[in-house]
Amino acid sequence: MSAIAVVGPGAVGGTFAAALASAKHDVVVCARTPFKALSVETPEGTLKANAPVLTDPAQLREDGLARPFDWVLVAAKTYDAEGTIPWLRALVGPTTSVAILQNGVEHVERFEPYVEWERIVPVVVDLSATKMSPGVIVLRRAGIAVVPTTARGRAFQALFEGPPLRVEVTDDFKTAAWRKLCLNSIGILSAIVAKPARIGLDEDVGDLMRGMLAECVAVGRAEGARLPDEIIEEVLARYRRSSPEAMNSLVVDHLAGRRTEVDARNGVVVRKGHTHGIPTPLQSAMSTLLKACRM
């Protein structure tokens, strides 16, 4: 049994926290909004977890929960890295490993200012889940997480005992992260037009997505990811297999008037493209259009 703190119990963090609690780990949930218990509805049934929910790092000592944590899982939004600093200061001890469960390809860079890079385990998450209310999550299919083949990566994998999450290890994490980014980067189109995934079935929209994917692939390759030529059609086909009414998290946040992860999903392609001298006009235009939609 490991002592684990989960920072950010949204759809991703809440699902991971419930899965870890069901595997009999000692779990503490660190949240902004208090709730009594975690409930995750899965295809196999409902996971319930009565892990302590804290809203202030000071509660660790006040509630007698301060201890050496084996793991801290950060599942906050990518733009809220600085907001996790008080929690990291309170939770991370001399032997704590820190898993970053976020979108994008900058897991380590984003948290290296706050945690030694050797402790960080970047995690690519493929999870079709929705937070219905604080602590209440609906998971539509089993989730998959991918981590590097390192000692800490394998230790993270060993924390999980089965459904609803499967953790895989890879010798080429960079490629895995850029593959996921390719898919994420075209989801912005649904946010701009405020329509679900069915827009990808249109051939003209599909061609636009191909152009965006070509830019993402070019930048990913320059970064060292091994992305084959056929990945563009593979990603587009996967997008088109989505439920026609599916809304990705960027769309949901945009329509709700919340801050979005556009920088981690699209802006990063533009920024890194500029570094390598690779033009990314479509990715740049889509980022600007989404910004204009929010003015």
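Take the position in the sequence shown, starting the count at 1, then add 290; the result is the number in my numbering. Think of the CB as a built atom: it goes at the ideal place given N, C-alpha and C, for glycine as much as any other residue.
For S329, there is no enclosing alpha helix (DSSP H); the enclosing beta strand (DSSP E) covers residues L328 to T332. For G477, the secondary structure class from DSSP, reduced to helix, strand or coil, is coil. Taken atom to atom, the span from the alpha-carbon of K562 to that of M291 is near 41 Å. Note on M502: 16 or more other CB atoms within 10 angstroms of its CB, so buried under the neighbour-count rule.
Distance from the CA atom of C583 to the CA atom of N538, rounded to whole angstroms, is 17 Å.
Scanning the segment 309 to 392 for uninterrupted beta strand (DSSP E) segments of 3 residues or longer gives 316 to 320, 328 to 332, 335 to 339, 361 to 364 and 387 to 391, listed from N- to C-terminal end. Looking at the backbone, the Cα of R511 and that of L517 are separated by about 6 Å. Straight-line measurement puts the Cα of A321 at about 22 Å from the Cα of V398.
Linking L328 to F306 through their CA atoms gives a straight-line distance of about 10 Å.
Pairing D360 with A293 gives a Cβ-Cβ distance under 8 Å. A straight line joining the alpha-carbon of G567 with that of P403 spans about 27 Å.
If you ignore the 5 residues before and after A536, its C-beta comes within less than 7 Å of the C-beta of P486 and A487, all in its own chain and listed in chain order.
Between the C-alpha atoms of Q573 and A380 there is a straight-line separation of about 38 Å.
Contact check for L498 against L479 passes: the beta carbons are separated by less than 8 Å. Looking from the CA of A554, the closest CA among D461, R400, S418 and K314 belongs to R400. Judged by pairs of C-beta atoms under 8 Å, the segment 360 to 380 touches the segment 542 to 556, as three or more such pairs exist. Distance from the CA atom of R531 to the CA atom of V317, rounded to whole angstroms, is 35 Å. In the structure shown, T565 falls within a helical segment according to DSSP collapsed to helix, strand and coil.
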